[in-house]
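Asks:
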Amino acid sequence: MDEDPEIERIKQQKLKEMLRQQNQPKPKNIADLNSQNFDHTISGTSPTLVDFWAEWCGPCKMMHPVFESMSKKYPEINFARVNVDQNQDIAMRFGVQSIPTFLMFKSGQLVDKMMGAVGAPGIHMICKKYSS
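Residues 20 to 151 in the working numbering are what the sequence shown lists, from first letter to last.
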């Protein structure tokens, strides 16, 4: 028995949709760092850009969507955040005195630093510098 042409059309449409979704870049998770996972996260061979922020900081909140969008543009760079109120030990360890502060790590070593609401151009500049 022949299959209904309408069902065949729907199956083809669904197949195309599934293939298109499969080829979409998957949203990248931005890790929330703390004392337990910080050193492990920054010690990888891929560069890791860490955003030091706080809930009450207006410029930090303004940078969140920029940080997220740049994480999608630079899949070879790991993106992570440190809430300085909850992780003062990490902020003190790296001398973070104003926020937002962005630190770039490579193989566990601090290789670059930017302070302030640098916007997309600032994040783009530091990512481009360390991307493969």
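Heads up, the beta-carbon is just placed ideally off N, CA and C, and yes, glycines get one too.
How long is the line joining the alpha carbons of Thr67 and Lys125, rounded to whole angstroms?
Replies: As a working mapping, residue 67 is identified with position 48 in the sequence shown. As a working mapping, residue 125 is identified with position 106 in the sequence shown. One C-alpha to the other measures close to 6 angstroms.
Asks: Quick check on DSSP: helix, strand or coil for Thr120?
Replies: For the purposes of this step, residue 120 is taken as the residue at position 101 of the sequence shown. In the structure shown, Thr120 sits in a strand (DSSP, three-state: E or B).
Asks: With DSSP collapsed to three states, give me the class of Asp70.
Replies: The sequence position of residue 70 within the sequence shown is 51, counting from 1. Asp70 falls in the strand class under three-state DSSP.
Asks: CB Ile183 to CB Phe121, shorter than 8 angstroms?
Replies: Outside the shown range of the chain, which is 20 to 151, sits residue 183, and nothing can be said about it.
Asks: Looking only at its own chain, which residues have a Cβ that is under 7 angstroms from the Cβ of Ile118, when we skip the five neighbours before and after it?
Replies: Stepping through the sequence shown from its first residue, residue 118 is reached at position 99. Only Phe71, Trp72, Ala73, Cys76, Cys79 and Val103 meet the Cβ criterion.
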